[in-house]
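Residue numbers (the numbering used here): -5 to 247. Read through the structure below, which is laid out as structure tokens, and then see the notes.
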């Protein structure tokens, strides 16, 4: 991934270069209003909409609930659906999720132009959010996994994400021990494990049929970079949020 360019931005952001010809997108950083203040800040979302080149009422958002429900964006409705995956094939709007350690995912279909944004903490990963995002794009817009590109944004890394045995057991139940065991290594405490969310998300996208060479990860730990990213585990309730936003169509010249 690289720093976003083109339209002037209020603070640094990241983009995934292979996605740029097909979908304008970005992952914000802590310097954005959402990163400094409460995630509900209206000004912060207006800032994201402006950066994406859409009107604020065309920014499709969610009330994220740590599940695997997918919805098609209807931003003009004014409501925030209870879901963690949002899809669109409209050229007049963008879709977005927020995160502060959880994995933000952005996908684009190179053939149809359809896009998706998804949010996955450990519960979402156990529920199969990456695979459900691929399935939802197929169901709603006829997307084929071979045509998809996926970007895994900044999230807490295995270096910092210590979890209990309940998380490891949930992944084993969902994906089998042979696959899921490689997402964990022994933690610092008894019965604790270090969970690799990046590898889990990438593996699930590949299980859903996306070729490995079409899955790109930032490999940036939110907890390890306090100047750049928000981290709930590091900062607690005052932590801001990063936004992962995407819209149909490549970067406009």
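Virtual Cβ for every residue (Gly too), placed ideally from N, Cα, C. From a predicted model like this one, the values you see are computed outputs, not experimental measurements.
Problem set entry | Reference residue 116; option with closest CA among 150, 65 and 47 | 150
Exercise. In the structure shown, what three-state DSSP assignment does residue 162 receive?
Worked result: helix
Problem set entry | For residue 80 and residue 110, believed in contact at Cβ under 8 angstroms, the rounded distance | 7 angstroms
For this session: Going by CA-CA distance only, name the one from 107, 174 and 163 that's closest to residue 141.
Result: 107
Exercise. Taking just the CA atoms, how far does residue 52 sit from residue 70?
Worked result: Near 6 angstroms, if we compare the C-alpha coordinates of residue 52 and residue 70.
Exercise. Between the beta-carbon of residue 241 and the beta-carbon of residue 17, is there less than 8 angstroms?
Worked result: yes
For this session: Give the secondary structure of residue 247 by DSSP, where H, G and I count as helix, E and B as strand, and everything else as coil.
Result: Because residue 247 sits at a pLDDT of 42, beneath the cut-off of 50, its placement in the model cannot be relied upon, and the point is left open.
For this session: Take residue 199 as the anchor and find which of 231, 99 and 19 has the nearest alpha-carbon.
Result: 99
For this session: Kindly give me the distance between the Cβ atoms of residue 228 and residue 220, rounded to whole angstroms, as I take these residues to be in contact under 8 angstroms.
Result: Indeed, because the Cβ distance is near 7 angstroms, the residues count as touching under 8 angstroms.
Exercise. Which same chain residues, not among the five before or five after residue 247, have their C-beta less than 7 angstroms away from its C-beta?
Worked result: Any reading at residue 247 must be qualified, since the residue scores a pLDDT of 42, below 50, and its modelled position is unreliable; the value itself is stated next. Contacts found: none.
Exercise. Leaving out five residues before and five after residue 135 in sequence, what residues of the same chain have Cβ atoms less than 8 angstroms from its Cβ?
Worked result: 81, 83, 103, 106 and 108
Exercise. So what's residue 141 in DSSP terms, helix, strand or just coil?
Worked result: helix
Exercise. Is there contact here, the stretch 153 to 161 with the stretch 184 to 191, by at least three beta-carbon pairs under 8 angstroms?
Worked result: yes
For this session: Please indicate yes or no: does the CB of residue 226 lie closer than 7 angstroms to some heavy atom of the ligand MG?
Result: With respect to small molecules bound, the structure shown includes none, and the ligand MG cannot be examined in it.
Problem set entry | Other residues of its chain near residue 161: CB distance less than 8 angstroms, five sequence neighbours each side excluded | 116, 120, 187 and 189
Problem set entry | Per DSSP, the bridge partner or partners of residue 22 | Beta-bridge pairing links residue 22 to 7.
Problem set entry | Neighbourhood of residue 131 by C-beta, 8 angstroms cutoff - its chain only, sequence neighbours within 5 removed | Result list for residue 131: 81, 101, 103, 108, 110, 137 and 142, in chain order.
Exercise. Helix or strand or just coil, what does DSSP make of residue 206?
Worked result: helix
Problem set entry | Pick from 129, 206 and 90 that is closest to residue 193, judged by C-alpha positions | 206
Exercise. Over what stretch of residues does the alpha helix (DSSP H) that includes residue 120 continue unbroken?
Worked result: 116 to 120
Problem set entry | Simplified DSSP state of residue 217, which is helix, strand or coil | Looking at residue 217 - three-state DSSP - the assignment turns out to be coil, as it is neither helix nor strand.
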